[in-house]
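Below is one structure, written out as structure tokens; the observations come after it.
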Amino acid sequence: MARYYLTTPIYYVNDVPHLGTAYTTIVADALARYHRLRGHDTRFLTGTDEHGQKIEEAAAAKGVEVKAFVDAASAAFRAAWPPLNIENDDFVRTTERRHIEVVQDLWRKCQENGFIYEGTYEGLYCVGCEGYYTEKELTQTPAGMLCPLGTHKPVERVKEPSFFFKLSAFEKRLLDFYEKNPGFVSPESRRNEVMSFVKGGLQDLSVSRTSFKWGIPVPGNEKHVMYVWFDALTNYLSALGAPGSSLHSRFWPPDVHLVGKDILRFHTIYWPAFLMAAGYADAELPRKVFVHGWLTINGQKMSKSLRNVVEPIKLAEVFGADVVRFYLLREVAFGQDGDFSHAQLINRYNSELADSLGNLLNRTLGLCQKLRPSGAALARGAEGELEQKLAEQARTALLGSIASWDEIAPHRAIDSTWVLIRAANKYIDESAPWAEAKKASPEGTARVDAILATALETLRWISVLIWPVMPDVSTKIRQQLGMSAIAPKQGEDVLVMHWEPRSDTSGLAVGTPVFPKIDADRQAEIFTALGLSEVVAEKAPEPVKPGKQPRAVIEPASEITYEDFAKLDLRVGRVVSCERVPKSDKLLKCMIDLGEPTPRQVVAGIGKSFTPEGLVGKQVTVVFNLKPAKLMGQESRGMILAAAGESEADLALIAPEKDRPVGTRVK
Ligand code: ME8
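Numbering (the working numbering), first residue to last: 884 to 1550.
Right, dumping it as structure tokens:
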């Protein structure tokens, strides 16, 4: 049976869990769930990185004893993941005995093999990222030399006795390894970056410090503590127990380390070199380091104040964990930089979750309830071209999802699934079971059976396909379909699916909508609950550069032909008088000159955006052939066109760009 071992970085405990660390962990969880669905023996590891100068300083700044500090901070990480529906198999801490023993063992092996030697280190060090730099690599500013990577903080000059790791000895072997294993660093752009760095020459690495104590003691020389990256990287090994243990034999080497681009070099150069030095053969090295991009928030860098409004647990409370997971995986092409935008989250929620998936579920169950209630049998035999096409689209979605997850492209797996969801909605429009039911003929009855059976089967497939990303939603959908939650078992591939249209409607349980629409009022409430208005609204996001930001996927209303469109008679009119409809804050009664003998009365729901006085004299576009209706007792003959805005108080009228004679056709 295939097995799959995947990891996230272990996070520094001087910080709290935030959207950036949640992002990597959510992707890892979804990927782990995909492998569990396939029946693979899966192990998903995360944890905390608790040693080093930075942590020692953070504890001192708080006036807390270091061990107490790391215990509390590590617990905060452990507690952060379950509310996001993250189910890791293990949580490793670098202060645990099991870890320390394995790290010291790895050190000894490197030393015995002649790759660790004693000397004096003199050079530049960034405590922020616990990295060594040469002067050439630093950013020169009037304030001094700053770290070129994530932290942009001043570096320190360090001079102290140190053990060195002979990194220079691995230049050629690393380059050969990258050549022979082109998938080791992914995406390819990152591989090129690493290869050119290594080709530029590798210097030996200082791997111990004597100027502070908070670290793993160097075996045989306890004045030194180990360099925190030697310690931290080894978590991927130590969490499996000592080499030779059963977990180690079952899962080593890792299938993928998911990491952000900030820690690329540590994982793709230092880590394989440490293992090579300890005697690991190429085939025993990790199989892949997948490097993802950086998230910004509403177009801005993740500063502390901005991070508060995307505090992951708070987001999960407001939107539901699965919605946050869906949005993050859907919005960002995994590997690329991306932006977390609240407005975009709500946009995707409304269009892709409420209008697409939620609507498919609700309308299918609604139709079943109306046309085939109380567990009626759904006879087979009347399946035709439309049904075959949808079954084919389901198979395409399944294969597309599998291929995308295998390539660690969750955004594409979601995309494949949503192509199917849209196709299923279109299928219901086209097959029109309500019209078949009206025929009251044996053929019509058989068609209704076939259509409902097909729609229900599509929903079953969808409930499986979305499970890695939205496990709770999958369960809720399956409850409404009368099915048990997905519970993957090792050795059973849930994704081997057969197309078996449903044979009856028993067990269907129409529940509350899984995705109630977020309207303007709810959005305002959400923004207040998250404290967004204060933080984000003040700093207007930078304008989005065309083509740079991924755009929302727009769900079209159902497709129409030109003939359908030509049925619409749109005309230019001019508002000649206007007043509010009593007792309504929204409705305006407008008299509109449309070139007819007398002005027409049109009642429009635009009163929160316009005053009656402001409208008089304006040209507007009117749906001229709309069936008359009564609104709050007032007759209305037509409709004024307006484009939606942030809220009902932000509508924009659609009018000709230059004045036109009244009654002119718009097409
Ligand atoms: O580097 N966008 O820990 P760390 C996307 N302890 N991902 C982000 C992010 C953002 N804005 N901010 C953080 C360390 N991340 C070491 C790792 S591993 C042996 C030791 C994610 O707490 C991303 O995965 O600084 C990044 O690599 C990681 O958090 C850094 O976490």
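C-beta atoms are modelled at their ideal positions from N, C-alpha and C, and glycine is treated no differently.
| Asked | Found |
| --- | --- |
| G871 and K1469 closer than 7 Å at C-beta | The question about residue 871 has no answer, for the chain in this structure spans 884 to 1550. |
| Best match in L1168, P900, V1331, A1259 for proximity to L1391 [C-alpha to C-alpha] | A1259 |
| Backbone CA spacing between V1302 and D1312 [nearest angstrom] | 16 Å |
| Reduced DSSP secondary structure (H/G/I, E/B, other) of M1366 | coil |
| Beta-carbon proximity check, L1261 vs R1385, cutoff 7 Å | yes |
| For I1537, three-class secondary structure by DSSP | coil |
| Cβ-heavy atom distance, A912 to the ligand ME8, below 6 Å | Note on identity: in this sequence residue 912 is Asp, with Ala being the wrong assignment. Answer for D912: no, Cβ out of range of the ligand ME8. |
| Cutoff 6 Å; reference A942; Cβ partners in own chain excluding five residues on either side | V949, F952 |
| Residue burial classification, A1296 (beta-carbon count within 10 angstroms, cutoff 16) | buried |
| Cβ-heavy atom distance, I893 to the ligand ME8, below 6 Å | yes |
| Counterpart residues of S1492 in DSSP-defined beta bridges | In the DSSP output, where bridge partners are listed per residue, S1492 has none listed. |
| Unbroken beta strand (DSSP E) run spanning Q1219, endpoints | That residue, Q1219, is in no beta strand (DSSP E); it is neither H nor E in DSSP. |
| Per-residue burial, L1342 [other beta carbons within 10 Å of its own, 16 or more giving buried] | buried |
| Cβ contact (3+ pairs, closer than 8 Å) linking the stretch 1239-1256 and the stretch 1308-1322 | yes |
| C-beta contact flag for A1525 and L1536 at 7 Å | yes |
| Contacts around F1209, its chain only, beta-carbon distance under 6 Å, and the 5 residues preceding and following it disregarded | V1352, M1353 |
| When S1224, P1195, S1324, V1377 are compared against H901, the one with the closest alpha-carbon | P1195 |
| Terminal residues of the alpha helix (DSSP H) in which S1121 lies | 1118-1121 |
| Beta bridge counterpart(s) of D1145 as assigned by DSSP | Partner(s): none; D1145 has no beta bridge. |
| Where L1557 falls, given that 16 or more other Cβ within 10 Å makes a residue buried | There is no way to answer for residue 1557, as the model of the chain reaches only from 884 to 1550. |
| Among S1091, V1347, L1141, R1073, the one whose alpha carbon lies nearest that of E1013 | S1091 |
| L1514 versus V1464: straight-line alpha-carbon distance, rounded | 9 Å |
| Proximity test, V1393 beta-carbon vs the ligand ME8 heavy atom, cut-off 6 Å | no |
| DSSP state of H1294 mapped onto helix, strand, coil | helix |
| Any non-hydrogen atom of the ligand ME8 within 6 Å of T907 CB | yes |
| T1247 CB to nearest heavy atom of the ligand ME8 below 6 Å | no |
| Member of H923, L1335, F1493 whose CA lies at the smallest distance from the CA of L1532 | Note that residue 1532 is Ala in the sequence shown here, rather than Leu. Of the listed residues, the one whose Cα sits closest to A1532 is F1493. |
| Cutoff 7 Å; reference V1545; Cβ partners in own chain excluding five residues on either side | V1455, G1456, R1457, D1476, L1477, G1478 |
| Nonlocal neighbours in the same chain, by C-beta distance under 6 Å from Q936, ignoring five residues either side | V1010, F1095 |
| Of the listed residues K1472, L1348, H1150, T1279, nearest to W1112 (C-alpha basis) | H1150 |
| Pick from Q1363, D1452, I1291 that is closest to L1141, judged by C-alpha positions | I1291 |
| Separation of P1070 from I1369, as counted between CA atoms | 32 Å |
| Check: G903 C-beta below 6 Å from any heavy atom of the ligand ME8 | yes |
| Identity of the residues DSSP links to D846 by a beta bridge | Residue coverage of the chain in this structure runs from 884 to 1550, which leaves residue 846 outside it and unanswerable. |
| Cross-strand partners of G1002 (DSSP beta bridge) | S1045 |
| Bridge partners - N1104, DSSP secondary structure assignment | V1101 |
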